[in-house]
Amino acid sequence: MLLTRPTQTGEYRQITLPRQLMAFNSQVPPETLKSTESPAWTNIEKKPPYLVGDEALYIPSRESYRLSWPMRRGRLNIHDGPGGSLTAVLADLETIWGHVLQEHLEIPIKDLKHYRAVLLIPDVYVHKHVKVLVNLLLNTLGFAAAIVHQESVCATYGSGLTVACVVDVGDQKTSVSCVEDGISHRASRLTMEFGGSDVSRLFHSLLARCGVALPELNLTNPPDVIQMQGLKETCCHLNQDQYGITQQCLEIHRPDNMLLKYKVKLGDEPILAPMALFKPMAFGLLGDHLIRVQSRFEGDPDDPHDEEYLRQTQRQSWAGRMGSSKKDTADMSRDTSEQNLSQLDDLNSGPLDDDSNDVPDVMTATENKSTRRGDDEDDVEMDEENDLHLMGVDEAIIHSIEKCDSEELRRKLYSCVLVVGGGLQFEGAVRWLQYQVWHSIPLTMRQQLDNLEIITKPKDMNASCTSWKGGAILACLDSTQELWIRQREWKQFSVRLLRERVPFIW
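Residue 1 is where the sequence shown starts when you use the UniProt record's numbering, and the numbers rise one by one after that.
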């Protein structure tokens with residue numbers, strides 16, 4: 001991509017080879033200085049039972065604490081290791097949320113009965129996880145009420161848009177969803193398991209390739225990961241016009257009040273790392289389900305009239321009618337064989353009566369087609385996730401928009417792409433994404449577009465907070481007051497309320 005895209009002056013970039021830099025960088029010693037801005041190790045002399053947030057990240061490795069991440073890749077971190085069960089993850093979330101509410105917001109847990117909570121869920125969500133999170137808020141923590149909505153829709157609320165293709169590039173996942181008038185189109189939802197942390201890891205590898213080893217950084221230690229993230233945010237960019245060998249000062253703050261400075265030379269490394277968001281094969285990710293789409297609700301025993309129940313009863317009803325129709329047809333055949341030709345003529349010429357099998361046959365055929373169509377759609381949903389490959393951000397935008405049926409809607413979505421999250425906030429990201437998407441749009445659609453607008457800082461606010469602001473707006477809308485799920489209602493009806501109250505198709 002770097003070689004085929006011209007700069008603003010019409011010239012083409014010249015590649016800088018890593019070996020041109022290695023001889024210089026490998027001989028550069030770090031400059032050691034005292035620093036008052038360096039983070040401090042967490043004081044654990046009192047042996048607290050748990051630590052939350054930054055305190056948990058700066059625990060000395062010699063201490064016997066287990067570091068837990070309840071959320072990973074944008075969803076609950078369920079795994080086979082210690083603390084990986086759903087019960088353990090929910091217990092960790094209860095500890096974290098309870099600690100933040102009491103220590104940072106100064107709200108005692110006993111007073112939560114006077115407060116309401118807004119729960120933002122991923123666009124590609126797991127129904128069971130939503131249920132247990134609502135239960136955690138209402139029954140365990142004791143909030144008076146809660147409302148549930150999707151991140152992409154709340155992002156449009158926070159940015160003041162009615163129609164947008166919402167691209168959320170986070171630390172560990174990237175999701176795309178097309179939103180129209182407060183509704184996220186189900187077929188357009190897509191989540192890929194890469195994000196800003198993968199860019200940091202790739203940048204670390206690219207630095208090592210050009211002789212900047214940074215032996216002080218071990219990316220298995222949380223403090224070093226934070227330092228690497230800071231270097232990425234300082235050095236990396238997507239400015240096509242910035243190229244050639246440049247001198248950079250890499251600062252590494254150690255938790256022991258020490259500052260290490262490396263004055264090195266870099267070439268294309270600062271732009272190659274974030275470019276991997278458009279070519280995710282560079283991340284070298286392995287494993288199954290690196291890309292996810294919205295799956296069908298598998299049903300819940302607490303909801304007797306869920307989607308699975310309706311599907312099964314529809315099949316049983318169709319099978320029963322088919323059996324009855326075949327029996328009635330056989331009886332009629334036997335009766336007809338005993339009638340003479342004149343009686344058959346009279347029967348065929350007369351009007352249809354209530355017992356005629358002609359209408360039920362038509363209805364049965366219609367139900368048969370409907371049931372088969374529903375089964376086919378389920379098969380398509382199951383096969384689509386297996387067939388999809390890991391896509392770059394630009395390709396995912398095209399894929400998501402093209403999943404929408406209306407040509408007019410697709411035109412509006414191409415005209416407004418909203419980028420939220422902190423993973424794509426690089427210099428030159430808007431122009432780069434605009435160029436990549438524009439040249440991937442189908443030609444017939446491109447001819448209909450007046451412009452392609454990429455919004456990365458809606459209303460001049462931090463893109464990482466857009467969805468949270470939208471959630472706050474959601475809680476204040478008059479139209480959503482009837483959508484709140486109250487604690488006493490949840491105890492009585494449980495998950496059935498989600499089907500009735502959430503402002504999206506459950």
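The beta-carbon is built from N, C-alpha and C at its ideal position, and this holds for glycine as well.
Beta-carbon proximity of residue i to residue j, cut-off 8 Å
| i | j | result |
| --- | --- | --- |
| Val-167 | Ile-397 | yes |
| His-204 | Gln-227 | no |
| Ala-164 | Lys-403 | no |
| Leu-424 | Val-179 | no |
| Pro-60 | Ile-96 | no |
| Arg-486 | Ala-145 | yes |
| Leu-497 | Leu-161 | no |
| Cys-249 | Asn-25 | no |
| Pro-6 | Arg-75 | no |
| Ser-184 | Phe-493 | no |
| Val-148 | Val-212 | no |
| Asn-221 | Ser-35 | no |
| Ser-415 | Glu-453 | yes |
| Pro-30 | Leu-260 | yes |
| Lys-469 | Gly-182 | no |
| Ser-38 | Pro-255 | yes |
Rounded straight-line distance, which links the Cα of residue j to that of residue i
| i | j | result |
| --- | --- | --- |
| Glu-407 | Val-153 | 21 Å |
| Ser-467 | Val-124 | 15 Å |
| Leu-231 | Gln-434 | 26 Å |
| Thr-140 | Met-391 | 39 Å |
| Lys-412 | Cys-476 | 27 Å |
| Gln-247 | His-237 | 15 Å |
| Leu-138 | Ser-64 | 33 Å |
| Val-393 | Leu-57 | 30 Å |
| Ser-177 | Asp-111 | 37 Å |
| Leu-101 | Ile-109 | 8 Å |
| Pro-270 | Trp-432 | 14 Å |
| Leu-474 | Lys-457 | 20 Å |
| residue 519 | Val-420 | The requested residue 519 does not occur in the structure, where the chain is confined to residues 1 to 506. |
| Leu-219 | Val-225 | 5 Å |
| Ala-88 | Trp-506 | 26 Å |
| Phe-143 | Val-118 | 10 Å |
| Lys-128 | Val-430 | 37 Å |
| Lys-491 | Asp-241 | 60 Å |
| Val-437 | Glu-395 | 7 Å |
| Pro-223 | Leu-409 | 45 Å |
| Gly-299 | Thr-42 | 45 Å |
| Pro-301 | Leu-483 | 23 Å |
Neighbourhood of residue i by C-beta, 6 Å cutoff - its chain only, sequence neighbours within 5 removed
| i | result |
| --- | --- |
| Arg-292 | Val-124 and Thr-191 |
| Thr-9 | none |
| Gln-172 | Arg-73, Gly-195 and Ser-197 |
| Asn-451 | none |
| Asp-268 | Thr-16 |
| Gln-294 | Val-124, Arg-186 and Arg-189 |
| Glu-427 | His-237 and Asn-239 |
| Tyr-243 | Arg-13 |
N-terminal and C-terminal residue of the beta strand (DSSP E) that residue i is part of
| i | result |
| --- | --- |
| Glu-31 | 31-34 |
| Met-192 | 190-192 |
Buried versus exposed call for residue i [16 or more other C-beta atoms within 10 Å across all chains shown]
| i | result |
| --- | --- |
| Asp-198 | buried |
| Gln-150 | buried |
| Leu-207 | buried |
| Ala-40 | exposed |
| Asp-358 | Caution applies to Asp-358, whose pLDDT of 41 falls short of 50 and renders its modelled position unreliable; the value that the coordinates give is listed next. With fewer than 16 other Cβ atoms within 10 Å, it is exposed. |
| Met-275 | buried |
| Tyr-50 | exposed |
| Pro-280 | buried |
| Ala-472 | exposed |
| Ala-273 | buried |
Residue i, enclosing alpha helix (DSSP H) - first and last residue
| i | result |
| --- | --- |
| Val-473 | As written in the sequence, residue 473 is Ile, which differs from the Val given in the question. Residues 466-476. |
| Thr-246 | Thr-246 -> not in any alpha helix (DSSP H); beta strand (DSSP E) instead, spanning 246-254. |
| Glu-174 | According to the sequence as given, residue 174 is Thr; it is not Glu. Here Thr-174 belongs to no alpha helix (DSSP H); instead the beta strand (DSSP E) covers 174-180. |
| Gln-27 | No alpha helix (DSSP H) contains Gln-27, which DSSP labels as neither H nor E. |
Cβ-heavy atom distance, residue i to the ligand HEM, below 7 Å
| i | result |
| --- | --- |
| Arg-501 | With respect to the ligand HEM, the structure offers nothing, as it holds no ligand at all. |
Proximal residues to residue i (C-beta, below 7 Å), its chain only, five neighbours per side dropped
| i | result |
| --- | --- |
| Leu-136 | Leu-90, Leu-93 and Glu-94 |
Contacts around residue i, its chain only, beta-carbon distance under 8 Å, and the 5 residues preceding and following it disregarded
| i | result |
| --- | --- |
| Gly-84 | Asn-77 and Ile-78 |
| Val-132 | Leu-86 and Leu-90 |
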